[in-house]
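Trainee: Encoded as structure tokens, here's the structure I'll be asking about.
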Amino acid sequence: MATETTNITDFKNDPRVPEDLNNNVFITTLDKLYNWGRKRSMWPMLFGLACCAIEMICTAASRHDLSRFGWELMRASPRQADLMIVSGTVTKKMIPQIVRLYNQMPEPRYVVAMGSCATSGGPFKEGYNVVSGIDKFIPVDVYIPGCPPRPEALLHSFVRLQEKIEKQSIRSVRWYTTGKTDEGMLVPYLGPDLVDLRRADEIKQKTAA
Amino acid sequence: MSQVTATPAKSAAGAKLTPEMSAIVAKFGSAVAPAQYDGLMVTDHSKFIEIATFVRDELKYNQLTNNTATDYIKEGVIEVVNQFTRVPQGGAPLTLKLRVPRPAGNDKTQAVPSLCPLYPGAEFQERETYDMYGVVFEGNPDLRRILMWEGFAGWPLRKDWREAYYEGDTKPFESRWPGGDHKLAEDRVPWEDNINYPPGFDPYSFKPNPDGNIYDSMLAAAPGNGLTGEMAIVEDLNAAELAELKTDEIIVNMGPQHPSTHGVLRMVVKLDGEKVTDLKLALGYLHRNHEKIGERNTWLHNIPYTDRLDYITGIYNEWGYVLGVERMMGLKTTDRVEYLRVITGELTRLASHFWAIGFLLNDLGAFFTPALYFITERDLIIDLLEAVTGSRMMCNYMRFGGVSREFTSAQWALARELAFERLPRTIDELDHFLTENEILKARSIGTGYMPADRSIAYSLTGPCLRAAGVKYDVRRADPYGYYDRFDFDIPVFYNGDVYDRYLVRVQEMRESLKIIQQALNQAEKNSKVGDIQGGKKAYNHRVPAGQCYARVETPKGELGYYLVSDGNQNPYKYHIRSCSYINLNSLKEMTVGQKVADTVVILGSLDIVLGEVDR
Ligand code: SF4
Chain A
1317 MATETTNITD FKNDPRVPED LNNNVFITTL DKLYNWGRKR SMWPMLFGLA
1367 CCAIEMICTA ASRHDLSRFG WELMRASPRQ ADLMIVSGTV TKKMIPQIVR
1417 LYNQMPEPRY VVAMGSCATS GGPFKEGYNV VSGIDKFIPV DVYIPGCPPR
1467 PEALLHSFVR LQEKIEKQSI RSVRWYTTGK TDEGMLVPYL GPDLVDLRRA
1517 DEIKQKTAA
Chain B
25 MSQVTATPAK SAAGAKLTPE MSAIVAKFGS AVAPAQYDGL MVTDHSKFIE
75 IATFVRDELK YNQLTNNTAT DYIKEGVIEV VNQFTRVPQG GAPLTLKLRV
125 PRPAGNDKTQ AVPSLCPLYP GAEFQERETY DMYGVVFEGN PDLRRILMWE
175 GFAGWPLRKD WREAYYEGDT KPFESRWPGG DHKLAEDRVP WEDNINYPPG
225 FDPYSFKPNP DGNIYDSMLA AAPGNGLTGE MAIVEDLNAA ELAELKTDEI
275 IVNMGPQHPS THGVLRMVVK LDGEKVTDLK LALGYLHRNH EKIGERNTWL
325 HNIPYTDRLD YITGIYNEWG YVLGVERMMG LKTTDRVEYL RVITGELTRL
375 ASHFWAIGFL LNDLGAFFTP ALYFITERDL IIDLLEAVTG SRMMCNYMRF
425 GGVSREFTSA QWALARELAF ERLPRTIDEL DHFLTENEIL KARSIGTGYM
475 PADRSIAYSL TGPCLRAAGV KYDVRRADPY GYYDRFDFDI PVFYNGDVYD
525 RYLVRVQEMR ESLKIIQQAL NQAEKNSKVG DIQGGKKAYN HRVPAGQCYA
575 RVETPKGELG YYLVSDGNQN PYKYHIRSCS YINLNSLKEM TVGQKVADTV
625 VILGSLDIVL GEVDR
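One line per chain: the protein sequences are A and B, in this order. So the first sequence is numbered by this note's numbering: it starts at 1317 and just counts up by one. So the second sequence is numbered by this note's numbering: it starts at 25 and just counts up by one.
As structure tokens, then:
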């Protein structure tokens, strides 16, 4: 593991590099190499929720061409995906499944909240079956406004996510540090209304009163 | 002005009796009475099934098109509305209503007879009415909640039921207009979130059962129950050999996250080997409370919401809604408006059929290659729509009595180019590469068969009905807009299988092009550029008290809006007769007896959009 981040730019004159390796060897940090690989081969999960999913499909289609970014391989199984694009209205009936899918994705995993519905509930916020934003239940890396966001906006979110990935370091990310396992998020259940188990005590108190 | 047909809103007390209604009154006498605005009120519920049988067998209203309820809280009644049509003759629907007293609190109502034995297509609609209003239908085979989950507290569409973020009964809410000091909903409500619990609820001891024992009920059903036999495809093995093969029945859950369920549909299938022996649908994973929000909204607010029903065909959904409101208000449109509506509407039909065929091929195993070509074509169409309306998918284009924007000359030229040059060639190409394709034919001929009479009974509409040989299209059966000025055919095929549904769609695209071409030509001659608003512009519409059922032929089938106004600036009742949802009624009968791999193909051939299924 790269413990020191020496930045050798002038390696042609560096005595440690044999001459016949000049122009064939590039030196960089392990972080950069690792992140470079990761950010160019994200596998999004093939999973659409609502109208925004149509724009997501258009983004993956020929005109906008997601594969220019190395992200074209959409996997239907969460176990093979790195990125969840929450593309649409998150309903209470659907949220247990979404949280479960999120938990099933291996780390490192990222979440993009696509559109105003996934961000905040959007035009349907006041609806009795609508969750006011996916971030109430799972952590979100990039939010995209719009109803629906244009494919260009979705592409922009990928660029922003790539920037975020670039800044991560092997030394500090949680999924390589021992002792800090990821338990996933608590899956809510459907009672008389949506029950978020993190608030169970509070719910019990308030409804008893 | 488009033709006045169907159910014009009447504000007089008591509906005018049509000959059919008079026939019912003559036969059943005091058991029925003219209802307030439209249709007949069945006062003697014990006669209801008899009357419905008469309506079906004697008056030949062979399809139940719409079933819903309205909560008249002031009068203390819940009114169940059933609307019947004649397929394929068409004409105005016949309405039968029933009233039950409003129960106290969260109780269910007293039972009303279910129409399922007569019209199997009633099943999902009645379940929805039960889910939303707590109306019990006696005789419905599976009366569980359908859009919400079992155990949910309350009946959301009752007028006195309040959502967690409740702010007022109708918009505009005082906090937003005219003061505009709006607070975040989370900051206003006790739970700081969109949740509410009944008193005494204990989250630790509650036993959730959101599906209402869907698996158990399927396990309990005796093997071979349901529909097998004639529907089964021919087996190579003979019966004796088959009987020797010991196979276990297993239950497989598909969805709501599944790449082939076209969104968040969930189905539970019971399999014997590879053969489907039973199928149940679990819906509501995208139920976003369109109708409750719609009743709080002002009339104008609802137009952009309709875009989000069937989000592939936004403009067409708007058309159905504005048509209903225009009929109630007696608004006139201009020639230009009608032509622009036809042009944009039919363009979305093309876009939708491109999408449907592309994804049907996806389900057939041609993973994304055809779809990519069709998405490219669809992109061209929505480019034009975007240029005109300002948005790619959610166009918000229609207005009451008008449309929001005029085409510029460059956009008009682009529309001409698409309609006369580009799209005809694409459709020919599509036909050339796909229609005779061996794999497509092998997979789809004979798959998902549904004969004409069953299709009608199951309330199937749209291309799927026409693929079974029934020439029924609302554009001809109950005309609206300027469709009577164009020369076009209603394509019909007769085998009722997946392949014929595909063929109907291809032919319909050709007919749509014909319509667009004629509309472009006629509009140039017969309409004034820029004349895009009939009547005067307004933000706040008051719709005279009355009710209306307006329907249009979207690419998926008959989309209807059942609207009730009490004379205020908000709809009192706003119900969508969603074709995608109702078409799903027949999925079980189409699928049972087929191989499991064909379920996704059959589903693909129905061409549902979850935004409209769950609303
Ligand atoms: S943000 Fe708009 S387009 Fe996206 S899912 Fe919500 S309503 Fe549909």
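C-beta atoms are modelled at their ideal positions from N, C-alpha and C, and glycine is treated no differently. Predicted model, so just to flag it, every value in this text is computed and none were measured.
Is any non-hydrogen atom of the ligand SF4 found closer than 7 Å to the C-beta of Ser1393(A), if you look at the structure I gave you?
Mentor: No; taking the cut-off as 7 Å, the Cβ of Ser1393(A) has no heavy atom of the ligand SF4 nearer than that.
Trainee: Where does Lys98(B) land, buried or exposed, given buried means 16+ other C-beta within 10 angstroms?
Mentor: Counting Cβ neighbours within 10 Å, Lys98(B) comes out exposed, since fewer than 16 surround it.
Trainee: Which residues have their C-beta within less than 6 Å of a heavy atom of the ligand SF4, listed in chain order?
Mentor: Spelled out in chain order, the answer is Ala1366(A), Cys1367(A), Cys1368(A), Gly1404(A), Thr1405(A), Gly1431(A), Ser1432(A), Cys1433(A), Gly1438(A), Pro1439(A), Cys1463(A), Pro1464(A), Arg332(B).
Trainee: Verify the CB distance criterion: does Ile1370(A) have a CB-CB separation below 8 Å to chain B?
Mentor: So, interface residue.
Trainee: Any beta carbon of chain A sitting closer than 8 Å to that of Gly400(B)?
Mentor: It is worth fixing the name first, because residue 400(B) is Thr in this sequence and not Gly. It does; some Cβ of chain A falls within 8 Å.
Trainee: Grouping DSSP H, G and I as helix and E and B as strand, with all else coil, what is Ala476(B)?
Mentor: If DSSP states are grouped into helix, strand and coil, Ala476(B) belongs with the helices.
Trainee: Can you give the Cα-Cα distance for Glu44(B) and Ala55(B), rounded to whole angstroms?
Mentor: Answer to the nearest angstrom: the Cα atoms are 15 Å apart.
Trainee: Chain A partners of Met278(B), CB-CB under 7 Å?
Mentor: Residues of chain A passing the Cβ test: none, with the nearest at roughly 12 Å.
Trainee: Any beta carbon from chain A within less than 8 Å of His377(B)'s own beta carbon?
Mentor: Chain A contact via Cβ: absent.
Trainee: Quick check on the DSSP output: what are the complete alpha helix (DSSP H) runs of length 4 or more inside the region 438-517 of chain B, in order along the chain?
Mentor: Within the region 438-517 of chain B, the complete alpha helix (DSSP H) runs of at least 4 residues are 447-454, 462-468, 476-481, 487-490, 498-501.
Trainee: In the DSSP output, what is Pro125(B) paired with across the bridge?
Mentor: Its beta-bridge partners are Val101(B).
Trainee: From Gln542(B) to Glu298(B), what distance separates their C-alpha atoms?
Mentor: Gln542(B) and Glu298(B): Cα-Cα distance of roughly 49 Å.
Trainee: Would a check of beta-carbon distances place Trp173(B) closer than 8 Å to chain A?
Mentor: Cβ-Cβ to chain A under 8 Å: yes for Trp173(B).
Trainee: Considering just the uninterrupted stretch of the beta strand (DSSP E) at Gln87(B), what are its terminal residues?
Mentor: Unbroken beta strand (DSSP E) run through Gln87(B): 87-96.
Trainee: By how many angstroms is the C-alpha of Ser1485(A) removed from the C-alpha of Pro1331(A)?
Mentor: Their backbone Cα atoms lie some 29 Å apart in a straight line.
Trainee: For His311(B), does the count of other Cβ atoms within 10 angstroms reach 16, so buried, or fall short, so exposed?
Mentor: It is buried - the Cβ of His311(B) has at least 16 other Cβ atoms within 10 Å.
Trainee: Would you mind telling me which residues of chain B sit closer than 9 Å to Phe1440(A), beta carbon to beta carbon, in chain order?
Mentor: Ordered by position in chain B, the residues that pass the 9 Å Cβ test against Phe1440(A) are Arg312, Asn313, His314, Ile317, Tyr329, Arg332.
Trainee: Using a C-beta cutoff of 8 Å, does Val1447(A) count as contacting chain B?
Mentor: It does: the Cβ of Val1447(A) has a partner Cβ on chain B nearer than 8 Å.
Trainee: Only counting the same chain, and skipping five residues up and downstream in sequence, which positions put a Cβ closer than 6 Å to that of Ala476(B)?
Mentor: Ala492, Gly493, Val494.
Trainee: Using 8 Å as the limit for Cβ to Cβ distance, is Phe1363(A) near chain B?
Mentor: With 8 Å as the cut-off, Phe1363(A) counts as an interface residue toward chain B.
Trainee: If we define contact as Cβ-Cβ less than 8 Å, is Ile170(B) a contact residue for chain A?
Mentor: No, Ile170(B) does not count as interfacial toward chain A.
Trainee: Taking only three categories from DSSP, how would you classify Phe161(B)?
Mentor: In this structure, Phe161(B) counts as strand in the three-state DSSP scheme.
Trainee: Tell me, to the nearest whole angstrom, how far the beta carbon of Asn592(B) is from that of Arg566(B); I am working on the premise that it is less than 8 Å.
Mentor: Between Arg566(B) and Asn592(B) the Cβ distance is about 7 Å, and since that is below 8 Å, they are a contact.
Trainee: Less than 8 Å between CB atoms is the rule here; does Ile1343(A) satisfy it with respect to chain B?
Mentor: No, Ile1343(A) lies away from the interface with chain B (no Cβ there is under 8 Å from its Cβ).
Trainee: Check whether the region 1493-1509 of chain A touches the region 227-236 of chain B, taking contact to mean three or more Cβ pairs, one atom from each stretch, closer than 8 Å.
Mentor: Counting Cβ pairs under 8 Å, three or more are found: they touch.
Trainee: Per DSSP, which one or two residues make a beta bridge with Ile275(B)?
Mentor: DSSP output for Ile275(B) lists Lys294(B) as bridge partner(s).
Trainee: With a CB to CB cut of under 7 Å and the five nearest residues on each side skipped, what residues in its chain are close to Gly250(B)?
Mentor: The predicted model places Gly250(B) with a pLDDT of 41, which falls under 50 and marks its position as unreliable, so this point remains unresolved.
Trainee: Return yes when the Cβ of Ala1377(A) is within less than 8 Å of the Cβ of Leu396(B), no when it is not.
Mentor: Cβ distance < 8 Å, so Leu396(B) and Ala1377(A) count as in contact.
Trainee: Would you check if the distance between the CB atom of Leu142(B) and the CB atom of Ala76(B) is smaller than 8 Å?
Mentor: Yes, they are a contact pair.
Trainee: Would you report the Cα separation of Asp508(B) and Ile539(B), rounded to the nearest angstrom?
Mentor: For Asp508(B) and Ile539(B), the distance between alpha carbons rounds to 11 Å.
Trainee: Using CA coordinates, which residue listed in Tyr605(B), Ser229(B), Lys51(B) is at the minimum distance from Asp334(B)?
Mentor: For Asp334(B), the nearest C-alpha among the options comes from Tyr605(B).
Trainee: Can you list, in chain order, the residues of its chain with a C-beta nearer than 7 Å to that of Gly369(B)? Leave out the 5 residues immediately preceding and following it.
Mentor: Result list for Gly369(B): Ile339, Tyr340, Trp343, in chain order.
Trainee: To which residues of the same chain is Met614(B) closer than 6 Å at the C-beta, ignoring the five residues directly before and after it?
Mentor: Gly472, Met474, Ile626, listed in sequence order.
Trainee: Pick out the complete beta strand (DSSP E) segments inside the region 1387-1441 of chain A, 3 residues or longer, and give them in chain order.
Mentor: For the region 1387-1441 of chain A, whole beta strand (DSSP E) runs of length 3 or above, ordered along the chain, are 1399-1403, 1426-1430.
Trainee: For chain A, is any of its Cβ atoms less than 8 Å away from the one on Arg416(B)?
Mentor: It does: the Cβ of Arg416(B) has a partner Cβ on chain A nearer than 8 Å.
Trainee: Counting only beta-carbon separations shorter than 8 Å, does Met1410(A) have a partner in chain B?
Mentor: So yes, Met1410(A) belongs to the interface.
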